[in-house]
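Chains as they are written, first to last, in our numbering: chain A, 49 to 275; chain B, 49 to 275. What follows is one structure encoded as structure tokens, with my remarks underneath.
Protein chains: 2
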Amino acid sequence: MNAHIFVVEDEKPIQELLQYNLEKEGFKVSSSANGEEALETIKEKVPDLILLDWMLPDLSGIKICRYLKQDKTVKNIPVIMLTAKGEEEDKIKGFNTGAEDYMTKPFSFPELLVRIKSLLKRVKPNIVSDEAIYLDLKIDRVSMKVSRKEKEINLGPKEYKLLNFLIKQPKRVYSRDQLLEQVWGDDINVESRTVDVHITRLRQAINIDGVKPLIRTVRSAGYSLEN
Amino acid sequence: MNAHIFVVEDEKPIQELLQYNLEKEGFKVSSSANGEEALETIKEKVPDLILLDWMLPDLSGIKICRYLKQDKTVKNIPVIMLTAKGEEEDKIKGFNTGAEDYMTKPFSFPELLVRIKSLLKRVKPNIVSDEAIYLDLKIDRVSMKVSRKEKEINLGPKEYKLLNFLIKQPKRVYSRDQLLEQVWGDDINVESRTVDVHITRLRQAINIDGVKPLIRTVRSAGYSLEN
DNA sequence: GGGTTATGTTACAGATTTGTTAAATATTTA
DNA sequence: TAAATATTTAACAAATCTGTAACATAACCC
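Encoded structure:
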């Protein structure tokens with residue numbers, strides 16, 4: 049499970065609960081307690097799904113949602129609205145915010161999880177399922193094995209992570225900075241050339257003699273999984 | 049546990065919840081939201097147990113159940129009826145559908161699990177059996193004896209528990225944290241390196257000279273039972 | 001072409017992770 | 001309570017991975 053979930057929630061206990069449980073499930077989780085900040089962060093580091101509280105101190109959830117759905121770079125990200133019980137689900141649905149799903153607090157986490165997975169599966173099947181496939185390349189995330197044309201391939205941890213990220217959206221070009229951020233993590237400082245080296249190693253690992261390599265270089269932009 | 053459970057349920061959240069939790073328990077799960085389709089699929093790929101919602105959009109659960117019980121190829125498959133609270137259990141039982149068991153919604157999943165296992169044990173003792181086997185490795189959970197190639201193996205309590213956990217889903221990679229949580233329990237005041245030591249001992253115990261060890265290390269991820 | 005910039009590749013030092021052993025604690029058994 | 005068993009920690013060795021620098025090659029631009 050590779051997906052990045054953004055939580056917009058001002059009640060600390062709920063936010064922490066979500067974060068803890070989602071991370072336990074293997075999601076990468078970021079969060080924000082207020083709407084303005086959320087909007088900025090979401091556009092900077094585009095997540096795969098958004099959990100959005102209905103009631104927020106500044107911008108209300110409904111406004112954020114509408115705003116997101118107008119922005120073409122993020123409008124395809126599924127949004128799940130979290131509403132308190134008193135807020136009458138029917139009424140809220142009537143607002144037509146564009147949210148993909150609703151959960152009423154207090155909610156059962158497993159149920160939320162099911163909905164998250166089902167939405168992610170719909171939008172980005174390679175992110176959420178136990179198996180990611182691109183052409184003859186297969187990643188089994190349960191056994192953590194990678195194979196190409198049924199031949200098993202051995203990857204180091206970074207290469208595995210890198211490939212897992214690239215396969216999220218095959219053919220999409222990721223810049224070195226994006227890769228560093230998503231695969232390496234925000235904290236550490238590594239040169240962007242390091243990405244090149246790992247790409248080389250990944251290429252060699254998944255290469256099959258005589259067949260076009262599976263990773264494309266886009267000069268002055270980055271790399272993508274594609275042949 | 050490799051039993052195949054078929055879920056007939058039109059309420060999506062419940063269906064997904066069941067699917068998620070049952071799969072987590074190691075069952076193979078298929079499902080259908082309507083009766084007609086369910087009947088077809090069930091007869092095509094005969095499951096080991098059926099969870100059947102009482103209220104369905106087209107055929108009602110009771111009709112499906114009666115139908116199943118008339119068909120000699122599937123009539124021995126145990127059926128658990130799921131009934132909503134208002135539907136008065138007594139009355140339903142009076143219908144004499146032939147279902148093996150009943151659960152009233154909302155139900156507790158652990159309880160459902162207990163009933164599922166007990167039914168499976170009755171009908172197909174080898175599926176839920178007290179014996180777990182992977183390749184030439186065998187765990188007899190009654191006598192608590194482990195053997196490989198008919199040779200008996202002596203394990204300490206932790207190693208036994210660890211192996212029992214790993215064998216639930218062979219080839220699946222478990223992180224040290226997962227193992228600590230599942231095998232050691234919640235009082236997590238144990239270093240994660242402790243897992244390594246026990247893995248080493250388990251390896252030595254189940255090792256056979258000249259044969260590839262049965263436990264795989266996945267660097268920076270964890271371990272799996274696999275050769 | 002010739003200069004410039006971006007990318008590919010390799011080798012190596014250093015970092016990280018894992019395997020293994022042994023000794024220190026804790027727990028059970030007799 | 002002493003002895004036997006199990007478990008945990010610590011320590012070091014071994015295996016593997018990572019980042020950087022250096023150089024090679026390719027692509028771009030005038």
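Glycine included, each C-beta is placed from N, C-alpha and C at the ideal position. Please read all numbers here as calculations on a predicted model, not as lab measurements.
Per DSSP, the continuous beta strand (DSSP E) segment holding G270/B begins and ends at G270 to L273. Counting along the chain, no beta strand (DSSP E) covers F213/B; the unbroken alpha helix (DSSP H) around it starts and ends at P205 to L214. Put simply, the CB of S79/A is far from chain B, with every gap to its CB atoms at 7 Å or more. Rounded to the nearest whole angstrom, the CA to CA distance from G146/A to L250/B is 53 Å. For Q118/A, the number of other beta carbons within 10 angstroms of its own is below 16, and it is reported as exposed. DSSP, reduced to helix, strand and coil, places D188/A within a strand of the structure shown. At a beta-carbon threshold of 7 Å, the residues of chain B lying near M192/A are V221, V266 and A269, ordered along the chain. Annotation: Cβ neighbours of S166/A in chain B (cutoff 7 Å, chain order): E64.
Shown here, K72/A sits in a helix according to DSSP, grouped into three states. Interface annotation, P173/A: not in contact with chain B, CB-CB separation never under 7 Å. A direct Cα-to-Cα measurement between G74/A and K111/B gives close to 42 Å. Pairing Y68/B with V162/A gives a Cβ-Cβ distance under 7 Å. Scanning its chain for C-beta atoms nearer than 6 Å, with the 5 sequence neighbours on each side dropped, one finds around E71/A the residues V77, in chain order.
Closest in C-alpha terms to Q226/B, from the list L100/B, K219/B, I215/B and S240/B, comes S240/B.
For a Cβ distance threshold of 7 Å, residue set S191 of chain A lies close to S272/B, ordered along the chain.
Closer than 7 Å to the CB of P205/A there is at least one CB belonging to chain B. From the beta-carbon of Y68/B, the residues of chain A found nearer than 8 Å are P158, L161, V162 and K165.
S240/A carries a coil assignment under DSSP once its states are collapsed to helix, strand and coil. Close CB contacts of N255/B within its chain, under the 7 Å cut and outside five residues either way in sequence, are with P261 (chain order).
Assignment of I128/B by DSSP, reduced to helix, strand and coil, places it in the strand class. As the crow flies, the alpha-carbon of I215/A is around 12 Å from that of V231/A. L262/A carries a coil assignment under DSSP once its states are collapsed to helix, strand and coil.
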